[in-house]
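As structure tokens, the structure follows; a few thoughts come after it.
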Amino acid sequence: MNPLPRRDFLATATLAAAALAAAPALGQSAPAGKARLTVGLIGCGGRGNGALTDFIAAAKLLGREVTVTAVGDAFAPAAKGAAKRFGVEASKAFAGYDAYRKVIASGCDFVVMAAPPAFRPLHFAAAVEAGKHCFIEKPVAVDAVGARAMREAGERAKAKGLGVVAGTQRRHQAAYLINKARIDAGAIGDIRGGTLHWNSTVPWIKRRNPGESAADYLARNWLNFTEMSGDHIVEQHVHNLDVAIWFLGRPPVSAVGYGGRARRETGNMFDFFSVDYDFGGGVHIHSQCRQISGTWSRVGELFTGASGEAFGAGKVTGRKVDVPEPRLESENPYVQEHVALIKGVLAGNPPNETRAVTDSTLAAIMGRLSAYSGDLVRWADLVDNARSPWHGQACSPAAADFEKGEVRLPEEKPPVPGKA
Ligand SMILES: NC(=O)c1ccc[n+]([C@@H]2O[C@H](COP(=O)([O-])OP(=O)(O)OC[C@H]3O[C@@H](n4cnc5c(N)ncnc54)[C@H](O)[C@@H]3O)[C@@H](O)[C@H]2O)c1
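Each number in this note's numbering corresponds to the 1-based position in the sequence shown with 37 added.
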């Protein structure tokens with residue numbers, strides 16, 4: 038981190054608040070006259086509670102108070118807990134796989150979405166349809182079909198003047214913004230390659246309760262099933278892939294990878310991946326992610342240029358270039374991303390990060406598909422080439438199956454590529 042001094046943040050925040058107090062609120066939602074912003078929450082777990090707290094903090098920095106109109110979760114205790122925390126009346130704490138519909142219909146202007154990734158395309162499409170400004174946690178899909186649906190809904194959001202910001206918070210973090218600006222200014226020359234790491238531990242596992250439905254087990258233990266999370270290359274390592282795509286300014290052309298499962302105790306995911314991403318023009322980025330306790334840990338990015346090296350958020354060698362400090366209202370990127378959303382919406386200039394987060398999600402899915410199958414997987418096959426078998430690749434059960442009550446538990450064993 039290379040944060041701005043606190044007094045600069047405060048000065049910027051005060052100026053922004055003054056400017057916004059006078060500015061009309063535009064967009065399909067959030068009409069000008071409203072003194073308070075209204076927001077609903079879908080997915081009341083760790084990040085849902087965190088993201089809503091950050092949304093409220095961001096609004097405060099911009100001189101606005103917030104009313105939380107409703108909260109929704111698959112499970113009643115989580116919804117009730119969030120309702121209590123955010124002062125929402127009990128009748129507006131919705132539980133079940135259709136809770137998202139009730140949250141979206143609760144009269145809010147903004148929706149914060151933090152259910153497991155498999156549900157994001159369904160929830161986002163419904164929120165856009167209803168004209169809501171959206172904060173969407175990453176990743177935003179678990180398969181190519183869902184990613185393309187996200188892209189399309191993102192375009193519809195743009196056409197409706199809706200703001201969309203994603204939980205890829207590095208794009209709102211001073212140290213990353215400064216290094217991106219330095220690289221763009223030629224500090225290390227053209228990027229020729231790099232390495233990405235998210236080597237860490239398994240965050241958590243949950244076991245199936247006696248008599249528990251397949252749907253509820255999947256929704257609770259979502260972090261260990263590919264159909265729910267996309268696997269950890271998608272769910273977690275997407276952050277590092279997002280930085281690579283952002284810094285290079287283009288998505289990868291293809292991926293060849295491998296991986297496997299050595300230690301994971303539930304679900305059907307791998308616990309390690311090693312993927313070579315070909316970004317075209319001779320640029321290869323090596324991505325490595327692992328969730329195994331007691332192994333070497335590192336989370337970050339390193340880019341090698343023609344005349345120097347740059348860490349994503351750390352040291353830059355090569356030519357010294359001066360770049361302006363980014364003007365941020367908060368040194369906390371988890372708050373700053375909501376500032377970007379609210380500020381843009383209120384100023385009539387709504388941001389739309391859907392395409393960026395979807396491309397990063399898709400790149401991660403591409404790496405997973407390569408490791409699961411043992412094949413080289415091309416970007417074009419996931420995005421454009423409808424005749425490719427990869428194009429229609431969709432996980433089952435799908436999000437909609439949960440509402441219909443048609444969920445079958447996938448086998449709790451990981452895929453094995455190739456032949457004996
Ligand atoms: N940006 C970041 O740094 C960051 C950090 C952590 C998590 N995340 C992302 O946030 C999302 C949530 O992660 P988390 O850590 O809060 O997980 P969590 O398990 O703590 O919370 C997920 C919540 O969603 C609920 N849920 C499950 N299915 C649902 C459905 N169909 N509708 C509504 N609610 C449903 C669960 O009951 C749970 O309460 C994930 O996409 C994750 O990748 C992002």
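Beta carbons are placed, not taken as given, at the ideal position from N, Cα and C, and that holds for glycine. From a predicted model like this one, the values you see are computed outputs, not experimental measurements.
Less than 6 angstroms between the CB of residue i and some heavy atom of ligand 1, yes or no?
i, result
"Ala155", "no"
"Cys432", "no"
"Met409", "What sits at residue 409 in the sequence shown is Tyr, not Met. For ligand 1, not one heavy atom lies less than 6 angstroms from the Cβ of Tyr409."
"Gly342", "no"
"Tyr134", "yes"
"Glu126", "no"
"Arg138", "no"
"Cys145", "no"
"Gly337", "no"
"Cys171", "no"
"Arg84", "yes"
"Gly351", "no"
"Gly80", "yes"
"Gly204", "yes"
"Ala152", "yes"
"Val272", "Strictly speaking, residue 272 in this sequence is Glu, with Val absent from that position. Answer for Glu272: yes, Cβ within range of ligand 1."
"Glu443", "no"
"Ala186", "no"
"Ala218", "no"
Thinking C-beta only, is residue j closer than 7 angstroms to residue i?
i, j, result
"Asn277", "Leu214", "no"
"Val108", "Ala119", "yes"
"Cys326", "Phe310", "yes"
"Glu389", "Val201", "Just to set this straight, residue 389 is Asn in the shown sequence, not Glu. Yes, these two residues count as a Cβ contact at 7 angstroms."
"Glu189", "Arg84", "no"
"Leu98", "Glu366", "yes"
"Thr303", "Asn261", "yes"
"Val414", "Ala292", "yes"
"Ala224", "Val358", "yes"
"Val149", "Leu89", "yes"
"Ile379", "Ala167", "no"
"Thr398", "Val275", "yes"
"Ile329", "Asp315", "no"
"Val271", "Pro176", "yes"
"Asn236", "Arg138", "no"
Identify which residue in the options has its Cα closest to the Cα of residue i.
i, options, result
"Pro470", "Val76, Asn216, Asn258 and Arg73", "There is no way to answer for residue 470, as the model of the chain reaches only from 38 to 457."
"Gly80", "Lys71, Lys441, Phe131 and Ala95", "Phe131"
"His269", "Gly294, Pro240, Pro288 and Lys97", "Pro240"
"Ala72", "Glu249, Val312 and Asp146", "Asp146"
"Thr354", "Tyr254, Phe340 and Val360", "Phe340"
"Phe172", "Gly144, Val382, Ala431 and Trp416", "Val382"
"Gly318", "Ile329, Gly286 and Lys169", "Gly286"
"Ala155", "Glu264, Gly168 and Arg392", "Glu264"
"Tyr295", "Asp313, Pro370 and Ala393", "Asp313"
"Tyr409", "Thr391, Met306 and Val320", "Met306"
"Ala116", "Tyr371, Phe161 and Tyr134", "Tyr134"
May I ask which residues mark the beginning and end of the beta strand (DSSP E) holding residue i?
i, result
"Phe284", "Phe284 -> not in any beta strand (DSSP E); alpha helix (DSSP H) instead, spanning Val275 to Leu285."
"Phe340", "Arg335 to Gly342"
"Gly294", "Ser291 to Gly297"
"Arg229", "Ile228 to Ser237"
"Ala107", "Glu102 to Asp110"
"Ser324", "His321 to Gln328"
State the DSSP-derived secondary structure class of residue i, mapped to helix, strand or coil.
i, result
"Ala69", "Because Ala69 sits at a pLDDT of 44, beneath the cut-off of 50, its placement in the model cannot be relied upon, and the following sentence gives the value as read from the coordinates. In this structure, Ala69 counts as coil in the three-state DSSP scheme."
"Gln462", "Outside the shown range of the chain, which is 38 to 457, sits residue 462, and nothing can be said about it."
"Tyr314", "strand"
"Gln373", "helix"
"Leu446", "coil"
"Arg415", "strand"
"Met150", "strand"
"Ser128", "helix"
"Ile141", "helix"
"Leu78", "strand"
"Ala251", "helix"
"Ala436", "helix"
"Glu346", "strand"
"Val382", "helix"
"Val353", "strand"
"Val420", "helix"
Terminal residues of the continuous alpha helix (DSSP H) containing residue i?
i, result
"Glu166", "Arg157 to Glu166"
"Glu189", "Ala181 to Ala196"
"Ile402", "Thr391 to Ser410"
"Arg219", "Ala211 to Asp221"
"Ala457", "Neither: Ala457 is in no alpha helix (DSSP H) and is coded neither H nor E."
"Ile93", "Gly83 to Leu98"
"Ile173", "It is not in any alpha helix (DSSP H) - Ile173 instead sits in the beta strand (DSSP E) that spans His170 to Ile173."
"Arg122", "Ala113 to Arg122"
"His269", "His269 to Glu272"
"Ser266", "Thr263 to Ser266"
For a test of your reading of the model: does the CB of residue i fall under 6 angstroms from any non-hydrogen atom of ligand 2? Yes or no.
i, result
"Asp110", "Within the structure as shown, ligand 2 is missing, the only ligands being ligand 1."
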